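Below is one structure; the comments refer to it alone.
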Amino acid sequence: MIAATAVPLASHPHVFIDAGANLIFDDAGQLAAVRVFWAYDEFYSMLLIEDNGLDTDGDGTPEQAALDAYAGKDVDWDAGFPGDLYLQNEGADVGLSGPVEHGMRYEEGRVVSWHIRPLKTRLKVGSEPVLAQIYDPTFFVAYDLHLPVTVEGAEACAVEQIPADLGAAYDKVESLLYGPDSAEYSEDSYPEVGHLFADKMLLTCSE
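Heads up: the sequence shown is residues -8 to 198, going by my numbering.
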């Protein structure tokens, strides 16, 4: 193990993603799924394109046909992996199925992908907020809600966005790594602090 002081605070995150969400309701007025949007940072987009041969003619821009063929492979997770999307209803975790639809495009030097995560049990949403967050627990990936957050299929519902308290988050990480009760961490055992940096999406519906 590497001593805590040997793991700089800046060692995480490594990948930066602008995220967005489309909260989808069914015809019965229940929350049915979440469409998640990720815009990868320019450096990771370049790696994604090069490593997967998405720029077939070498002009520096990936072809849409190649992106269409690759779509979904960036979320081809092992069974049980949460996929960096978390929902809570009345304090209890909401079960999500794996991605069922995918899309990918390239714009302004960045790969933008989307996928849909159905709820395992659809929810009737009222005045008590349903909490949605997008984050990587290990903070290897940093997500920011810079893309639109919208509601589809429910005019009586709205989403309030609450930014993370970054000052408090960094203070907590510094305490975990360097404080009097700090443990020893390596690059492979970084504390799970991603939730501290996660913006909140609070979904409510009027009766």
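Here a beta-carbon is modelled for each residue, glycine too, at the ideal position from N, C-alpha and C. Here the structure is a predicted model, which means the values were calculated and not measured.
When Cβ pairs closer than 8 Å are counted between the two stretches, the segment 134 to 152 is seen not to touch the segment 52 to 68, the count staying below three. Tyr77 carries a strand assignment under DSSP once its states are collapsed to helix, strand and coil.
The count of Cβ pairs closer than 8 Å, one atom from the segment 143 to 162 and one from the segment 88 to 105, stays below three, leaving the stretches out of contact. With a cutoff of 8 Å on beta-carbon distance, Ala12 and Val184 are scored as not near each other. In the three-state DSSP reduction, Lys64 falls in the helix class (H, G or I). Residue pairing for Phe34: DSSP places it in no beta bridge. Inter-residue distance for Tyr31 and Leu38 is about 10 Å (C-alpha atoms, whole angstroms). Lys115: not part of any alpha helix (DSSP H); DSSP gives it neither H nor E.
Straight through space, the alpha carbons of Tyr77 and Asp84 are spaced by roughly 7 Å.
Nearest C-alpha to Lys115 among Ala10, Ala24, Phe28: Ala24. Comparing alpha-carbon positions, the option among Gly100, Leu168, Asp75, Gln152 lying closest to Asp50 turns out to be Gly100. In the DSSP annotation of this structure, the continuous segment of the beta strand (DSSP E) that includes Glu98 starts and ends at 93 to 98. Straight-line measurement puts the Cα of Asn43 at about 36 Å from the Cα of Val150.
For Leu187 and Tyr181, the gap between their C-alpha atoms comes out near 14 Å. In this structure, Gln124 sits near Ala189, with a CB-CB distance shorter than 8 Å. Nearest in C-alpha terms to Trp29, of all of Gln21, Ala10, Ala155, Tyr35, is Ala10. Val25 sits in a strand when the DSSP states are folded into three classes. Taking Lys111 as the centre and dropping the five residues before and after it, the same chain places the C-beta of Gly86, Ser88 closer than 6 Å to its C-beta, in chain order. For the options Pro128, Thr195, Val121, Lys191, the alpha carbon positioned closest to that of Asn80 is the one of Val121.
Excluding the 5 residues flanking it on each side, Asp46 has same chain C-beta neighbours closer than 6 Å at Ile40, Pro53, in chain order. Per DSSP, the unbroken alpha helix (DSSP H) holding Asp162 starts and ends at 157 to 169.
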